[in-house]
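Residue numbers (my numbering): 170 to 386. Here a beta-carbon is modelled for each residue, glycine too, at the ideal position from N, C-alpha and C. Here's the structure, in C-alpha coordinates; my notes come after.
Okay, here's the thing in C-alpha coordinates:
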(Lines of atoms letter the chains of each structure in order from A and count residues from 1; the text may use other names and numbers.)
(Lines give C-alpha, C1' and ligand atoms only; values in the text may rest on other atoms or scores of the structure.)
Protein backbone atom coordinates (compact mmCIF):
# COMPACT_ATOMS: atom_id res chain seq x y z
CA UNK A 1 0.00 0.00 0.00
CA UNK A 2 2.75 2.42 0.92
CA UNK A 3 4.52 1.86 -2.39
CA UNK A 4 1.42 3.03 -4.25
CA UNK A 5 1.14 6.13 -2.11
CA UNK A 6 4.69 7.38 -2.17
CA UNK A 7 5.66 7.44 -5.82
CA UNK A 8 6.66 10.67 -7.53
CA UNK A 9 7.43 11.64 -11.11
CA UNK A 10 5.09 9.19 -12.88
CA UNK A 11 1.37 8.74 -13.48
CA UNK A 12 -1.18 11.52 -13.85
CA UNK A 13 -0.02 15.12 -14.13
CA UNK A 14 -0.77 16.96 -10.91
CA UNK A 15 -1.69 20.62 -10.48
CA UNK A 16 0.12 20.56 -7.12
CA UNK A 17 3.04 22.98 -7.28
CA UNK A 18 3.62 23.56 -3.57
CA UNK A 19 5.94 21.64 -1.29
CA UNK A 20 5.10 20.41 2.21
CA UNK A 21 4.33 22.81 5.04
CA UNK A 22 7.11 22.54 7.62
CA UNK A 23 7.03 23.70 11.23
CA UNK A 24 10.19 23.40 13.33
CA UNK A 25 10.10 23.18 17.11
CA UNK A 26 11.74 21.44 20.04
CA UNK A 27 10.32 18.59 22.08
CA UNK A 28 8.87 19.48 25.48
CA UNK A 29 8.59 23.24 25.02
CA UNK A 30 6.55 25.88 23.24
CA UNK A 31 9.12 27.18 20.78
CA UNK A 32 9.24 30.46 18.88
CA UNK A 33 12.03 31.52 16.55
CA UNK A 34 15.01 32.77 18.57
CA UNK A 35 14.03 31.05 21.84
CA UNK A 36 16.41 29.29 24.21
CA UNK A 37 16.80 25.50 24.16
CA UNK A 38 18.88 23.20 26.42
CA UNK A 39 22.38 22.09 25.32
CA UNK A 40 20.89 18.63 24.70
CA UNK A 41 17.46 18.66 23.06
CA UNK A 42 15.30 17.06 20.38
CA UNK A 43 14.47 19.06 17.26
CA UNK A 44 11.02 18.18 15.90
CA UNK A 45 9.77 19.08 12.42
CA UNK A 46 6.07 18.70 11.63
CA UNK A 47 5.39 18.04 7.93
CA UNK A 48 2.07 18.28 6.10
CA UNK A 49 1.09 18.08 2.43
CA UNK A 50 -2.29 17.25 0.89
CA UNK A 51 -0.59 15.16 -1.81
CA UNK A 52 1.55 13.22 0.64
CA UNK A 53 5.08 13.43 2.01
CA UNK A 54 7.83 11.81 -0.06
CA UNK A 55 9.53 9.26 2.18
CA UNK A 56 10.95 7.01 -0.55
CA UNK A 57 14.48 8.18 0.24
CA UNK A 58 15.25 8.39 -3.48
CA UNK A 59 18.47 10.18 -4.37
CA UNK A 60 18.23 13.91 -3.78
CA UNK A 61 14.76 13.73 -2.23
CA UNK A 62 15.46 12.85 1.39
CA UNK A 63 13.94 14.70 4.32
CA UNK A 64 17.03 16.54 5.56
CA UNK A 65 18.13 18.95 8.25
CA UNK A 66 21.12 21.22 8.58
CA UNK A 67 22.16 22.46 12.02
CA UNK A 68 24.92 25.05 11.88
CA UNK A 69 25.76 23.70 8.43
CA UNK A 70 26.01 20.03 9.45
CA UNK A 71 23.74 17.75 7.40
CA UNK A 72 21.42 15.06 8.81
CA UNK A 73 19.24 12.59 6.87
CA UNK A 74 15.85 12.31 8.59
CA UNK A 75 13.71 10.25 6.19
CA UNK A 76 14.05 7.09 8.29
CA UNK A 77 12.82 8.93 11.40
CA UNK A 78 9.52 9.96 9.77
CA UNK A 79 6.46 8.92 11.78
CA UNK A 80 3.07 9.40 10.10
CA UNK A 81 0.25 11.01 12.06
CA UNK A 82 -3.07 9.56 11.02
CA UNK A 83 -2.20 9.09 7.34
CA UNK A 84 0.53 9.62 4.74
CA UNK A 85 -0.16 13.36 4.39
CA UNK A 86 1.28 14.46 7.71
CA UNK A 87 3.90 13.35 10.19
CA UNK A 88 6.96 14.26 12.21
CA UNK A 89 10.71 13.78 12.09
CA UNK A 90 13.00 14.06 15.10
CA UNK A 91 16.68 14.85 15.53
CA UNK A 92 18.58 14.48 18.81
CA UNK A 93 21.07 17.30 19.36
CA UNK A 94 23.66 16.95 22.10
CA UNK A 95 26.42 19.14 23.48
CA UNK A 96 25.32 22.36 21.80
CA UNK A 97 27.63 25.23 22.63
CA UNK A 98 26.36 28.48 24.18
CA UNK A 99 25.33 31.02 21.58
CA UNK A 100 23.13 31.38 18.51
CA UNK A 101 22.39 28.37 16.28
CA UNK A 102 20.56 27.88 12.97
CA UNK A 103 18.48 24.92 11.79
CA UNK A 104 17.07 24.29 8.30
CA UNK A 105 14.71 21.44 7.36
CA UNK A 106 13.95 20.44 3.75
CA UNK A 107 11.25 18.03 2.53
CA UNK A 108 9.49 16.97 -0.69
CA UNK A 109 5.96 15.89 -1.54
CA UNK A 110 5.14 12.90 -3.78
CA UNK A 111 5.11 15.17 -6.86
CA UNK A 112 8.66 16.28 -6.01
CA UNK A 113 7.74 19.79 -4.94
CA UNK A 114 10.34 20.94 -2.44
CA UNK A 115 10.05 23.29 0.50
CA UNK A 116 12.21 24.25 3.45
CA UNK A 117 11.88 26.03 6.78
CA UNK A 118 14.47 27.74 8.94
CA UNK A 119 14.71 28.78 12.59
CA UNK A 120 17.33 30.20 14.90
CA UNK A 121 17.67 29.16 18.52
CA UNK A 122 19.92 30.02 21.44
CA UNK A 123 21.79 28.01 24.06
CA UNK A 124 22.72 29.81 27.27
CA UNK A 125 25.97 29.28 29.14
CA UNK A 126 24.16 30.17 32.38
CA UNK A 127 20.57 30.59 33.52
CA UNK A 128 18.87 33.74 32.20
CA UNK A 129 15.44 35.29 32.80
CA UNK A 130 13.71 37.55 30.29
CA UNK A 131 10.28 38.95 29.37
CA UNK A 132 9.12 39.14 33.01
CA UNK A 133 5.50 40.29 33.27
CA UNK A 134 2.32 39.72 35.24
CA UNK A 135 -1.22 39.83 33.90
CA UNK A 136 -3.55 41.38 34.74
CA UNK A 137 -1.61 44.35 36.07
CA UNK A 138 -3.22 46.13 37.90
CA UNK A 139 -4.75 43.08 39.56
CA UNK A 140 -7.75 42.57 41.82
CA UNK A 141 -7.98 39.06 43.30
CA UNK A 142 -5.39 37.20 41.23
CA UNK A 143 -2.71 37.54 38.59
CA UNK A 144 -0.28 35.35 36.65
CA UNK A 145 3.48 35.88 36.55
CA UNK A 146 5.06 35.03 33.20
CA UNK A 147 8.69 34.88 32.10
CA UNK A 148 11.12 33.12 29.77
CA UNK A 149 13.96 30.91 31.04
CA UNK A 150 17.09 29.95 29.13
CA UNK A 151 16.95 26.48 30.66
CA UNK A 152 15.27 24.38 33.36
CA UNK A 153 15.66 26.00 36.79
CA UNK A 154 14.22 26.17 40.27
CA UNK A 155 12.10 29.32 40.45
CA UNK A 156 11.18 31.48 43.42
CA UNK A 157 8.88 34.50 43.19
CA UNK A 158 8.67 36.87 46.15
CA UNK A 159 6.11 39.65 46.46
CA UNK A 160 6.91 42.66 48.69
CA UNK A 161 5.32 45.91 49.79
CA UNK A 162 7.20 49.07 48.84
CA UNK A 163 8.50 49.24 52.42
CA UNK A 164 10.12 45.80 51.97
CA UNK A 165 7.68 43.60 53.91
CA UNK A 166 7.37 40.12 52.41
CA UNK A 167 3.78 39.42 51.33
CA UNK A 168 4.03 35.96 49.78
CA UNK A 169 6.41 33.49 48.14
CA UNK A 170 5.82 31.13 45.22
CA UNK A 171 8.20 28.28 44.36
CA UNK A 172 8.32 25.70 41.63
CA UNK A 173 10.28 24.18 38.78
CA UNK A 174 10.60 26.26 35.63
CA UNK A 175 11.21 24.86 32.17
CA UNK A 176 13.15 26.21 29.24
CA UNK A 177 11.11 28.80 27.34
CA UNK A 178 7.83 30.38 28.43
CA UNK A 179 6.61 29.86 32.01
CA UNK A 180 3.45 30.84 33.91
CA UNK A 181 2.98 30.99 37.69
CA UNK A 182 -0.58 31.93 38.75
CA UNK A 183 -0.98 33.73 42.08
CA UNK A 184 -4.04 34.27 44.24
CA UNK A 185 -3.12 35.97 47.56
CA UNK A 186 -4.19 34.13 50.70
CA UNK A 187 -5.50 37.40 52.13
CA UNK A 188 -6.96 40.46 50.37
CA UNK A 189 -4.28 43.03 49.55
CA UNK A 190 -4.57 46.73 50.19
CA UNK A 191 -4.67 48.82 47.05
CA UNK A 192 -1.34 50.24 45.90
CA UNK A 193 1.97 49.30 44.30
CA UNK A 194 3.96 46.17 45.18
CA UNK A 195 7.30 44.74 44.10
CA UNK A 196 7.84 41.19 42.86
CA UNK A 197 11.18 39.48 42.36
CA UNK A 198 11.62 36.44 40.13
CA UNK A 199 14.68 34.31 40.92
CA UNK A 200 15.96 31.27 39.02
CA UNK A 201 18.74 28.88 40.00
CA UNK A 202 20.26 25.96 38.08
CA UNK A 203 23.55 24.13 38.59
CA UNK A 204 25.03 26.93 40.68
CA UNK A 205 24.00 29.65 38.23
CA UNK A 206 21.52 32.29 39.43
CA UNK A 207 19.51 35.07 37.82
CA UNK A 208 16.83 37.45 39.05
CA UNK A 209 14.55 40.23 37.85
CA UNK A 210 12.46 42.79 39.77
CA UNK A 211 9.22 44.36 38.50
CA UNK A 212 6.23 46.28 39.89
CA UNK A 213 2.68 45.08 40.45
CA UNK A 214 -0.34 47.30 41.12
CA UNK A 215 -3.41 46.27 43.14
CA UNK A 216 -6.65 48.20 42.73
CA UNK A 217 -9.55 48.35 45.16
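Next item on the list: Please report how far the alpha carbon of residue 347 lies from the alpha carbon of residue 320, in whole angstroms.
Entry: Position 178 of the chain shown, counted from the start, is the residue given in the question as residue 347. Position 151 of the chain shown, counted from the start, is the residue given in the question as residue 320. It is roughly 10 Å from the alpha-carbon of residue 347 to the alpha-carbon of residue 320.
Notebook entry, point to check: So which of 326, 287, 226 has the shortest CA-CA distance to residue 203?
Noted result: By one-based count along the chain shown, residue 203 stands at place 34. It is 287.
Notebook entry, point to check: Per DSSP, what kind of secondary structure is residue 255 in: helix, strand or coil?
Noted result: As a working note, residue 255 is residue 86 in the chain shown. In the structure shown, the three-state DSSP call for residue 255 is strand.
Notebook entry, point to check: DSSP three-state call for residue 289: helix, strand or coil?
Noted result: If you number the chain shown from 1, residue 289 lands on position 120. Of the three classes helix, strand and coil, the one that applies to residue 289 here is strand, per DSSP.
Notebook entry, point to check: Mapping DSSP to helix, strand and coil, what is residue 319?
Noted result: The sequence position of residue 319 within the chain shown is 150, counting from 1. Note: residue 319 maps to coil in three-state DSSP.
Notebook entry, point to check: residue 192 to residue 215, Cα distance in whole Å?
Noted result: Counting from 1 along the chain shown, the entry for residue 192 is found at position 23. Counting from 1 along the chain shown, the entry for residue 215 is found at position 46. Cα to Cα, the separation comes out at about 5 Å.
Check: Exposed or buried, residue 223, counting other C-beta atoms within 10 Å across all chains shown (16 or more means buried)?
Finding: Taking the chain shown and counting its residues from 1, one reaches residue 223 at position 54. Residue environment for residue 223: buried (at least 16 other C-beta atoms within 10 angstroms of its C-beta).
Item checked: Beta carbon of residue 300 nearer than 8 Å to that of residue 324 -> By 1-based counting over the chain shown, the position of residue 300 is 131. By 1-based counting over the chain shown, the position of residue 324 is 155. No; because the gap between Cβ atoms is not below 8 Å, this pair is not in contact.
Check: Nearest to residue 271 by alpha carbon, out of 239, 372, 247?
Finding: Working through the chain shown from its first residue, we reach residue 271 at position 102. Of 239, 372, 247, the residue nearest in Cα terms is 239.
Note to self: Could you tell me which whole beta strand (DSSP E) segments of length 3 or greater appear in the region 306-384?
What the structure shows: The qualifying runs are 312-318, 322-330, 335-343, 346-352, 361-371, 374-384.
Margin query: If the criterion is Cβ atoms closer than 8 Å, does the pair residue 370 and residue 293 meet it?
Written below: If you number the chain shown from 1, residue 370 lands on position 201. If you number the chain shown from 1, residue 293 lands on position 124. Contact flag unset, no.
Next item on the list: Use the C-beta contact count for residue 245: other C-beta atoms within 10 angstroms, 16 or more gives buried, fewer gives exposed.
Entry: Taking the chain shown and counting its residues from 1, the one referred to as residue 245 is at position 76. Its Cβ having fewer than 16 others within 10 Å, residue 245 is exposed.
Check: Helix, strand or coil: which one does DSSP assign to residue 299?
Finding: Taking the chain shown and counting its residues from 1, one reaches residue 299 at position 130. DSSP places residue 299 in strand when its eight states are reduced to three.
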